[in-house]
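Below is one structure, written out as structure tokens, with a few remarks after it.
There are 2 protein chains.
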Amino acid sequence: MTADITLTPDELTSKVVAIFRAAGFSAQQAGPIAGVIVAGERDACKSHGIYRIEGCLRTLKHGKVVPDAVPTLTQDESAIVRVDAKGGFANAAFEMGAPVLAERAKALGLAALVINDCTHFSALWPEVEALTERGLAAIAMCPSYATVAPTGGTTALMGTNPLAFGWPRAGHAPYVFDFATSVAARGEVELHRIAGKPLPEGWAVDAEGAPTTDPTAALAGAMLPFGGHKGSAISMMIELLAGVMIGDMTSPEALDFLGTTTIAPRHGELIIAFCPDRFAAAKGGVNLDQAEALFDAVLGQGARLPSTRRFTARAESMANGITLNADEQAMLERLLAGGLDAVS
Amino acid sequence: MTADITLTPDELTSKVVAIFRAAGFSAQQAGPIAGVIVAGERDACKSHGIYRIEGCLRTLKHGKVVPDAVPTLTQDESAIVRVDAKGGFANAAFEMGAPVLAERAKALGLAALVINDCTHFSALWPEVEALTERGLAAIAMCPSYATVAPTGGTTALMGTNPLAFGWPRAGHAPYVFDFATSVAARGEVELHRIAGKPLPEGWAVDAEGAPTTDPTAALAGAMLPFGGHKGSAISMMIELLAGVMIGDMTSPEALDFLGTTTIAPRHGELIIAFCPDRFAAAKGGVNLDQAEALFDAVLGQGARLPSTRRFTARAESMANGITLNADEQAMLERLLAGGLDAVS
Numbered sequence: 001m002t003a004d005i006t007l008t009p010d011e012l013t014s015k016v017v018a019i020f021r022a023a024g025f026s027a028q029q030a031g032p033i034a035g036v037i038v039a040g041e042r043d044a045c046k047s048h049g050i051y052r053i054e055g056c057l058r059t060l061k062h063g064k065v066v067p068d069a070v071p072t073l074t075q076d077e078s079a080i081v082r083v084d085a086k087g088g089f090a091n092a093a094f095e096m097g098a099p100v101l102a103e104r105a106k107a108l109g110l111a112a113l114v115i116n117d118c119t120h121f122s123a124l125w126p127e128v129e130a131l132t133e134r135g136l137a138a139i140a141m142c143p144s145y146a147t148v149a150p151t152g153g154t155t156a157l158m159g160t161n162p163l164a165f166g167w168p169r170a171g172h173a174p175y176v177f178d179f180a181t182s183v184a185a186r187g188e189v190e191l192h193r194i195a196g197k198p199l200p201e202g203w204a205v206d207a208e209g210a211p212t213t214d215p216t217a218a219l220a221g222a223m224l225p226f227g228g229h230k231g232s233a234i235s236m237m238i239e240l241l242a243g244v245m246i247g248d249m250t251s252p253e254a255l256d257f258l259g260t261t262t263i264a265p266r267h268g269e270l271i272i273a274f275c276p277d278r279f280a281a282a283k284g285g286v287n288l289d290q291a292e293a294l295f296d297a298v299l300g301q302g303a304r305l306p307s308t309r310r311f312t313a314r315a316e317s318m319a320n321g322i323t324l325n326a327d328e329q330a331m332l333e334r335l336l337a338g339g340l341d342a343v344s
Numbered sequence: 001m002t003a004d005i006t007l008t009p010d011e012l013t014s015k016v017v018a019i020f021r022a023a024g025f026s027a028q029q030a031g032p033i034a035g036v037i038v039a040g041e042r043d044a045c046k047s048h049g050i051y052r053i054e055g056c057l058r059t060l061k062h063g064k065v066v067p068d069a070v071p072t073l074t075q076d077e078s079a080i081v082r083v084d085a086k087g088g089f090a091n092a093a094f095e096m097g098a099p100v101l102a103e104r105a106k107a108l109g110l111a112a113l114v115i116n117d118c119t120h121f122s123a124l125w126p127e128v129e130a131l132t133e134r135g136l137a138a139i140a141m142c143p144s145y146a147t148v149a150p151t152g153g154t155t156a157l158m159g160t161n162p163l164a165f166g167w168p169r170a171g172h173a174p175y176v177f178d179f180a181t182s183v184a185a186r187g188e189v190e191l192h193r194i195a196g197k198p199l200p201e202g203w204a205v206d207a208e209g210a211p212t213t214d215p216t217a218a219l220a221g222a223m224l225p226f227g228g229h230k231g232s233a234i235s236m237m238i239e240l241l242a243g244v245m246i247g248d249m250t251s252p253e254a255l256d257f258l259g260t261t262t263i264a265p266r267h268g269e270l271i272i273a274f275c276p277d278r279f280a281a282a283k284g285g286v287n288l289d290q291a292e293a294l295f296d297a298v299l300g301q302g303a304r305l306p307s308t309r310r311f312t313a314r315a316e317s318m319a320n321g322i323t324l325n326a327d328e329q330a331m332l333e334r335l336l337a338g339g340l341d342a343v344s
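Spelled out as structure tokens, the structure:
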């Protein structure tokens, strides 16, 4: 029996890059993918950590991602920066687009990054965090594949459609949230299934549209939006802005394209960046102390800021490394040695 | 005893304008204010209908709105259009800014309208609807005054912070939602108090932070965000983007400025407009049929599109007029005759 091992984030990144390279991904694709996977593991965000590797490889095995895609960026005089991911994962496309988005947002006050034709599996917080590091606020959103019924309905239509937001803070980790507009992320349902645990009430309906707490029945049926009709409306907004408006797939179209929910979905992504200094220019510049007063008031009444658990885990990982148990080590070894043959 | 009367929207608008003019509002202010109030009444959106008139007059009586404010618009090479409302209600400022916002969004793909130093009482759907009529998608948001506790907290900090979205449709009323990021709008709590009805569970806490269904206790305590920590995070995003970022008041600052929650709050507003044709240009233009397929799928499974009730009521009002009961007629007569002396 193998004992736990502890790796630095860089050491784990090297292992994950090696897995993707061995499976046939280019260096341009493998690096950014490994970056967000290790960021998830580092932040104890297990549903977007190394657990995701096999799904990425499975997506390639199904021929639904281009492993050596070379994204292309186009820019004009507008506030829209476009990156065509050319069927690769979104991560390399984002890394190409982010500096140009930031430049445009600083020049114009706000700007949008449209990523088209990407395959997507990752959390959005790495992207909004990267923009806060450039002094910008940012909203990111994307469709997924049809797994969520609209409130009042019975059948999967929308995706889990994540919404993320970041706000830059001086001397603190940014204010960041990133959540599925379903009650729970699909990854959370998968983790319940793997762990053999029932779902909380209200997460899902089965294939007949009846409420269920069985993760397998939920995965065959539909999840429900968070917050009733309000969350359902926000999820639809994401289909419209980050699907239809950018000329890319909606969640039902993505499911049709894939034919399965066991691989990463193909769609687009929309990221809007705001330059607070430009916005508040007419009022003498942004006063970040106003934001800090809000955060202090939240903490002062015993409530929490989002992502706190993640930032705490990050500090721990950066100081003491990332610990992998025997099963996790075996998974990494299996995928490194077996490549696409190792995935179902 | 007075019988019900039925008025056309234009007839009711004339009455409402006359009330605001008699109370001292300029024609430039009174027209847009009356427009949104009558739109609310027309759409059977009673919490933003003629019920709001007295609160508007009370705000003037307290010296917290400038009744003859002349908004000013400034524009530069950025994607930000700014209107300084000069302490007047937001409505005249929006009417000034909307055409310029639309022009900038069409030129740049997306643009933002910042309204600063406005007094605000109205729903946001008239604004996003006005932008859909120009072929644009739009998001609008604003803080309010501190009446909502963050999830996990006990004390009012954020406002009810509405979020609205509009999407243009060909041959149909637009896809529009507009909701408070609290479980319910404050106006809904007020209407429960006036009607002597208890609140549903989960709407509010009392002044000690304990759950309550008493509307009066709720108004003295704090409302709760919709959708738990996710809704709470969205409400905070609105404080940051539409308060701090635009150099205007956050909800606790607005409450400090006013000293009461019985009059309309002072703050700013942020409206982001998107030109779908520009966004999808690289993909051959926007395909609105994709959106219609989503809407059809919602309706086909027995779920509803947001604002359906409002659009149905609108069609009824446009065909058959707006009916006012005896109490409503008496209120309008009292406010017209008494002006500011008629409000407490």
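If you read the protein sequences in the order shown, they are chains A and B.
Here UniProt numbering is used: the first residue of the first sequence is 1, the next is one more, and so on.
Here UniProt numbering is used: the first residue of the second sequence is 1, the next is one more, and so on.
Even for Gly, the Cβ is constructed at its ideal location relative to N, Cα and C.
- Taking a Cβ-Cβ cut-off of 7 angstroms, P200/A has no neighbours in chain B, whose nearest Cβ is about 12 angstroms from it.
- The C-beta of R186/A has 16 or more other C-beta atoms within 10 Å across all chains shown, which makes the residue buried.
- Look at P150/B: its C-beta is under 8 angstroms from a C-beta on chain A.
- Of the candidates Q329/A, F89/A, A280/A, A149/A, A280/A places its Cα closest to the Cα of D117/B.
- About 25 angstroms separates the CB atoms of Y175/B and G159/B; that is not less than 8 angstroms, and the two are not in contact.
- In chain order, V81, G97, L101, I271 place their CB closer than 6 angstroms to the CB of L113/B, counting only its own chain and leaving out the 5 sequence neighbours on each side.
- By the Cβ neighbour-count rule, M318/B is exposed, with fewer than 16 other Cβ atoms within 10 Å of its own.
- With a minimum length of 4 residues, the unbroken runs of alpha helix (DSSP H) contained wholly in the region 20 to 104 of chain B fall at 27 to 42, 53 to 61.
- The C-beta of H229/A comes closer than 8 angstroms to at least one C-beta of chain B.
- The beta carbon of I5/B sits closer than 8 angstroms to the beta carbons of T323, L324, Q329 from its chain, once the five residues preceding and following it are set aside; these are given in chain order.
- In the three-state DSSP reduction, I5/B falls in the strand class (E or B).
- Counting of Cβ neighbours within 10 angstroms places F257/B among the exposed residues, the total staying below 16.
- When DSSP states are grouped into helix, strand and coil, P126/A belongs to the helix group.
- For R309/B, the number of other beta carbons within 10 angstroms of its own is below 16, and it is reported as exposed.
- Nearest Cα to L255/B within the set D327/B, R266/B, M236/B: R266/B.
- Neighbours of A337/A in chain B, taken as residues at a C-beta separation under 8 angstroms, are lacking, since the least C-beta distance is about 41 angstroms.
- Runs of beta strand (DSSP E) with 3 or more residues, each lying fully within the region 118 to 197 of chain A, are found at 137 to 141, 163 to 167, 175 to 179, listed in chain order.
- Setting aside the 5 residues that flank it on each side, R104/A is surrounded in the same chain by A79, V81, A111, each with a C-beta closer than 7 angstroms to its C-beta; the list follows chain order.
- Look at the beta carbons and you see the region 122 to 133 of chain A not touching the region 295 to 305 of chain A: under three pairs across the two are nearer than 8 angstroms.
- Scanning its chain for C-beta atoms nearer than 8 angstroms, with the 5 sequence neighbours on each side dropped, one finds around G55/B the residues F121, T262, I263, A264, in chain order.
- L12/B and D178/B have their C-alpha atoms spaced approximately 24 angstroms apart.
- Of the candidates T154/B, E316/B, E269/B, L57/B, the residue whose Cα lies closest to the Cα of P162/B is E269/B.
- Assignment of beta-bridge partners to A222/B by DSSP yields V205/B.
- A Cβ-Cβ distance of about 7 angstroms is found for the pair L288/B and R169/B, placing them in contact under the 8 angstroms criterion.
- The alpha carbon of T154/A has as its nearest neighbour, out of P225/A, P67/A, I246/A, the alpha carbon of P225/A.
- Closest option to P200/B, judged by alpha-carbon separation, among H229/B, E188/B, A207/B: E188/B.
- Looking from the CA of R52/A, the closest CA among K61/A, V65/A, I37/A belongs to I37/A.
- Nearest in C-alpha terms to R42/A, of all of T59/A, V17/A, D10/A, V70/A, is D10/A.
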